[in-house]
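Visitor: Heads up: the sequence shown begins at 1 in full-length UniProt numbering, then just goes up one per residue.
The C-beta atom is built at its ideal place from N, Cα and C for all residues, glycine as well.
Here the structure is a predicted model, which means the values were calculated and not measured.
Please read through the structure below; I'll follow up with questions.
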Amino acid sequence: MADEKAKRRACLRCGRIVQAQYQYCPDCGAPVTNRCMDEGDLLDDPCGFINDDQAAYCVRCGSITAYNKAGLLFGAFPENKVLKKYDIDEWKQFSHPFFY
């Protein structure tokens, strides 16, 4: 019985109890898991970190979370993504006027 309850969660928007493996609520379409929405870029994979239900921004990279993007949570400040090491050092060579 306790195992069944651990495998279920409540939707933040409509309150429906859904199974833990669901990504979205079948009634209202709201995300059920507060995953990081960072999509990655040419050199990085998407973050995809699963944050706690009260996180408006990812605790790993600073990107908005699924709950924030869906309007279920709001942060007091704008998104503040972390700069990667290669953003500062390796890409300096491309700031030359030749590349504009």
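If you run the structure through DSSP and keep just helix, strand and coil, what is Tyr67?
Guide: Tyr67: helix per DSSP, three-state reduction.
Visitor: Enumerate in chain order the residues of its own chain whose CB-to-CB distance from Ile50 is below 7 Å, with the five nearest sequence positions on each side excluded.
Guide: Thr33, Asn34 and Arg35
Visitor: Can you round the beta-carbon distance between Asn68 and Phe74 to whole angstroms, since I take them to be within the 8 Å contact cut?
Guide: 7 Å
Visitor: Any idea if Ala20 is buried or exposed, counting beta-carbon neighbours within 10 angstroms, 16 or more meaning buried?
Guide: exposed
Visitor: Express the C-alpha separation of Gly62 and Gln23 in angstroms, rounding to a whole number.
Guide: Gln23 and Gly62 have their C-alpha atoms spaced approximately 21 Å apart.
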